[in-house]
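**Q**
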Amino acid sequence: MKETVELRTRVRDLVLRHGWNATCYQTVNPIFEYAFYEDLDAFVAFVRARGVRVAAGAPVCPHEHLVQVLDRFDQEEKSDVLYFGAGARVKDALMARNRKSVVSLGAQPVWSPQHWNTAVLRRKSLRYQFNRARNKGVRVREWTTSEAENSAALEGVLKEWLNTRGHPPLHFLVEPETLGFLADRRTFVAEVDGEPVAFLNLCPVPMRNGWLTEQFPRKRNSPNGTIELLMHEAAQIVAADGADYLTMGLVPFSIYGAINENPAWLRQVMSLTRIFGKPLYSFTGLNEFKSKFNPEEWEPVYAAVTRRGFRYSDLIAVAEAFTREPFVNTLKRLAAKTFER
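Mind the numbering: the sequence shown is residues 1047 to 1387 in the numbering used here, read in order.
Here is the structure:
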């Protein structure tokens, strides 16, 4: 236990000093292996899948050390390295090297919180949703860390939401079990008559003075418009606190990413996944939900391998990193869900 706390403290300290990638704080979740480079004030968080070291987003390090960290992590073992959820910094650094391949995963919507109201309130349908939730008695309140951490009420909301998802919880960069450690996170709760019906965690992106939304767990009976109001209120609060950056995270296969630049076989796989993966995960619905908040821009998000050529086996490694199960089991579950319809 002591070693786990010390490890998390070490990771957290580096993230708070050097975290730039939108998903940097996800590396604090205790599901990763870590490669530390003390002389570079850096680490890489990763999981192993299919003989590949699948790294979480990007190395956490001073920008001037990024290339060195990429090279050293690559050379530490013979196994391939795949960075999933990388931003422009990793893409540019790897594309400048020989025998590297970068593909687009999609894009993530981005706002300056200072411009949030301008972007959002011009949309009549959103204003209607906000008012609809308020008229049903929804009130949003930021809970303190001591209130939210290990809260039985929030755990109940999370459990009910996960049970409606149609698939086992995903992990890696979308770990749902975060209520046990909320240091540095901010938790906004939608309440009706003082009872939680939904909540939103924001985790920090320190070097951009910003925040990433983690998830939107909600009860089945939460009023329409609850999630929209929750996002709206949270954005206004971080804006008032001076935040410069806000993102809702990756939308896989988004048309706003550079997916048309991917190899033809990968574009075809992405298209089929979007269609046939719908029983387990609605990529189209995710895109529609995040788009309606009128993002100021869409940042491309990448997967990068430290060799020439992105392979089908790399996709399987990514899938297993998220599901923690053999890919064939995921396919069986997808087939079962498809035939249930």
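We put the beta carbon where it would ideally sit given N, CA and C, even for glycine.
Given this structure, state the Cα-to-Cα distance separating Met1253 from Ala1289, to the nearest angstrom.
**A** Cα to Cα, Met1253 sits roughly 11 angstroms from Ala1289.
**Q** For the alpha helix (DSSP H) that Ala1104 lies in, which residues bound it at each end?
**A** Segment: none, Ala1104 is in no alpha helix (DSSP H) and carries neither H nor E.
**Q** In the DSSP assignment, find the unbroken alpha helix (DSSP H) run with Ala1134 in it and report its ends.
**A** Start and end: 1134 to 1141.
**Q** So is Ser1192 buried or exposed if we call it buried at 16+ other beta carbons inside 10 Å?
**A** So Ser1192 ends up on the exposed side.
**Q** Mind checking which residues open and close the beta strand (DSSP E) that includes Phe1322?
**A** No beta strand (DSSP E) contains Phe1322, which is instead part of the alpha helix (DSSP H) from 1310 to 1322.
**Q** How should Ala1068 be labelled, buried or exposed, when 16 other C-beta atoms within 10 angstroms of its C-beta is the threshold for buried?
**A** By the neighbour-count rule (16 or more Cβ atoms within 10 Å), Ala1068 is buried.
**Q** Evaluate contact between the region 1202 to 1217 and the region 1352 to 1364, counting only Cβ atoms and requiring at least three cross-stretch pairs below 8 angstroms.
**A** No, the region 1202 to 1217 is not in contact with the region 1352 to 1364.
**Q** Taking 8 angstroms as the limit between beta carbons, can you name the residues of its chain near Ala1165, skipping five residues before and five after?
**A** Result list for Ala1165: Trp1157, Phe1339, Asn1340, Pro1341, Glu1342, in chain order.
**Q** What runs of the beta strand (DSSP E), each 3 residues or longer, lie entirely inside the region 1178 to 1213?
**A** Runs of the beta strand (DSSP E) inside the region 1178 to 1213: 1184 to 1189.
**Q** At the level of alpha carbons, what is the spacing between Phe1176 and Leu1208?
**A** If I take the Cα positions, the gap works out to 24 angstroms.
**Q** Considering only C-alpha positions, which residue in the set Ala1153, Ala1088, Phe1130 is nearest to Lys1336?
**A** With distances taken between Cα atoms, Lys1336 lies closest to Ala1153.
**Q** So, Phe1130 versus Ala1091, is the Cβ gap smaller than 8 angstroms?
**A** Their beta carbons are not under 8 angstroms apart, which means Phe1130 does not touch Ala1091 by this criterion.
**Q** Would the region 1137 to 1144 count as touching the region 1304 to 1316 if we require 3 or more Cβ pairs under 8 angstroms?
**A** The region 1137 to 1144, when compared against the region 1304 to 1316, does not touch it at the 8 angstroms Cβ threshold.
**Q** Nearest to Glu1334 by alpha carbon, out of Ile1301, Tyr1291, Met1316, Val1148?
**A** Ranking the options by Cα distance to Glu1334, first place goes to Ile1301.
**Q** For the alpha helix (DSSP H) that Phe1329 lies in, which residues bound it at each end?
**A** Unbroken alpha helix (DSSP H) run through Phe1329: 1329 to 1337.
**Q** Check the DSSP bridge columns for Trp1021 and list the partner residues they point to.
**A** Because the chain here runs from 1047 to 1387, residue 1021 falls outside it and cannot be looked at.
**Q** Under 8 angstroms between C-beta atoms, does Gly1065 make it to chain C?
**A** In summary, chain C is missing from the structure at hand, where a single protein chain is found.
**Q** What's the call for Pro1346, buried or exposed, on a 16-neighbour Cβ count within 10 Å?
**A** So Pro1346 counts as buried.
**Q** Leaving out five residues on either side along the sequence, give the residues of the same chain with a beta carbon under 6 angstroms from the beta carbon of Glu1279.
**A** Once the five neighbours on either side are set aside, the close Cβ partners of Glu1279 are Val1186.
**Q** Can you tell me the Cβ-Cβ gap for Leu1258 and Thr1293, rounded? I've got them flagged as a contact below 8 angstroms.
**A** Between Thr1293 and Leu1258 the Cβ distance is about 6 angstroms, and since that is below 8 angstroms, they are a contact.
**Q** Whole-angstrom Cβ separation of Pro1242 and Leu1151, contact assumed at under 8 angstroms?
**A** The pair is not a contact, with the Cβ atoms about 33 angstroms apart (cut-off 8 angstroms).
**Q** Take Ala1281 and list the residues in its own chain whose beta-carbon comes closer than 8 angstroms to its own, dropping the five residues that flank it on each side.
**A** Result list for Ala1281: Trp1157, Pro1159, Trp1162, Val1166, Leu1292, in chain order.
**Q** Where does Asn1247 land, buried or exposed, given buried means 16+ other C-beta within 10 angstroms?
**A** It counts as buried.
**Q** Could you name the residues that DSSP lists as bridge partners for Gly1131?
**A** Answer is none; Gly1131 lacks a bridge partner.
**Q** Using a threshold of 8 angstroms, state whether the C-beta atoms of Phe1119 and Pro1108 are closer than that.
**A** Contact flag unset, no.
**Q** Tell me which residue opens and which closes the alpha helix (DSSP H) that Thr1272 is part of.
**A** From DSSP, the alpha helix (DSSP H) with Thr1272 extends over 1272 to 1286.
**Q** Determine the direct distance from the alpha carbon of Tyr1327 to that of Tyr1174, and round the result to whole angstroms.
**A** Each residue's alpha carbon lies about 27 angstroms from the other.
**Q** Please list the terminal residues of the continuous alpha helix (DSSP H) segment that includes Phe1368.
**A** Element bounds for Phe1368: 1358 to 1369.
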